[in-house]
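Just so we're aligned, residue 0 is where the sequence shown starts under numbering that gives the first Met the number 0, counting upward by one.
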Amino acid sequence: MTESRIHSQALVDPGADIAPGVEIGPWSVIGPDVSIDEGTVVASHVIIKGPTRIGKNNKIYQFSSVGEDTPDLKYNGEPTRLVIGDNNIIREGVTIHRGTVQDRSETTIGNDNLLMAYVHIGHDSIIGNHCILVNNAALAGHVVVGDWAILSGYTLVHQFCHIGAHAFTGMGSAVGKDIPAYVVVTGAPGAARSINMEGLKRRGFSKDEISQLNKAFKTVYRRGLTLEKAIEELESLAASTGSLSVLIESLKSSTRGIVR
């Protein structure tokens, strides 16, 4: 069994659960009720507060603050937590806050995500799997980001917004409404531009799937239909491809309205 490698100048609370094979660099501080699973590397000058659960084979770079209390003024010290999955890369200066009792009491980050420098994840947010948040992207509280979504640098997301699977935002986008699955959004305020064709090609979507999703985008955004009528038309086609069903579900589940 591989022993943990904890630098002599790291401060690890006796109440923390550090698995074998974890590395913790100098001047990092690990608080009580923090659990870090095997293979995870914590660089120097990292602060991790609990209750926080961190899975396997993550890399957390210097000057990140993980599991801190939310600044939400409604938060009154209630026990909430942060859960991080496996194989995530959390770059320099990232801030991730725990949840609040006004929501799920939990902030959740899935697996295989890349959070670049100075990204902020607000309280009660949910990040799926294989997502990329580029430098200085910031999520307010209660934001949900679907699998494979990419948020470019300086993207700002309003609280309670949902970002659909495989969606993409351009640099400096200001997102105040929900982004359906597969949709590219740019600008401030953010506006829908197209289907994320390049991303879908890279992820192995077939030409037929991409063509159908492109037609679906035009149904929603180019024909002047109400959202309800557009969904009706898409549902008549959904049996032909699972990817179209994902788009329909993201449209139907929107509570803030979709970006236009």
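Don't be surprised by glycine CBs; every beta carbon is placed ideally from N, CA and C. The structure presented is a predicted model; accordingly, all values stated were derived computationally and were not measured.
Nearest to residue 34 by alpha-carbon distance, out of 19, 44, 25, 24, is 19. By the Cβ-count criterion, residue 97 is buried, with 16 or more other Cβ atoms from all chains shown falling within 10 Å of its own Cβ. Assigned with DSSP and collapsed to three states, residue 15 falls in coil, not helix or strand. In the structure shown, the three-state DSSP call for residue 214 is helix.
Runs of the beta strand (DSSP E) lying entirely within the stretch 105-166, each at least 3 residues long, are 105-108 in chain order.
Counting other Cβ atoms within 10 Å of its Cβ, residue 100 stays below 16 and is therefore classed as exposed. The beta carbon of residue 40 is closer than 6 angstroms to those of 22, 58 in its chain, skipping five residues each way along the sequence.
Annotated as distal: residue 90 and residue 72, with beta-carbon spacing of 8 angstroms or more. Here residue 162 really is in contact with residue 156; their C-beta atoms are around 7 angstroms apart, less than 8 angstroms. Taking a contact as a CB-CB distance under 8 angstroms, the pair residue 212 and residue 250 does not count as one, their CB atoms being some 12 angstroms apart.
Take residue 12, set aside five residues on each side of it, and the residues of its chain with a beta-carbon closer than 8 angstroms to its own are 29, 30, 31, 33, in chain order.
Counted as a single uninterrupted DSSP element, the beta strand (DSSP E) harbouring residue 193 occupies residues 190-194. Just so you know, the alpha carbons of residue 104 and residue 195 end up roughly 33 angstroms apart. The distance from the Cβ of residue 184 to that of residue 172 is about 6 angstroms, consistent with a contact at the 8 angstroms cut-off. In the structure shown, residue 72 adopts coil according to DSSP, grouped into three states. Closest in C-alpha terms to residue 107, from the list 92, 138, 117, comes 138.
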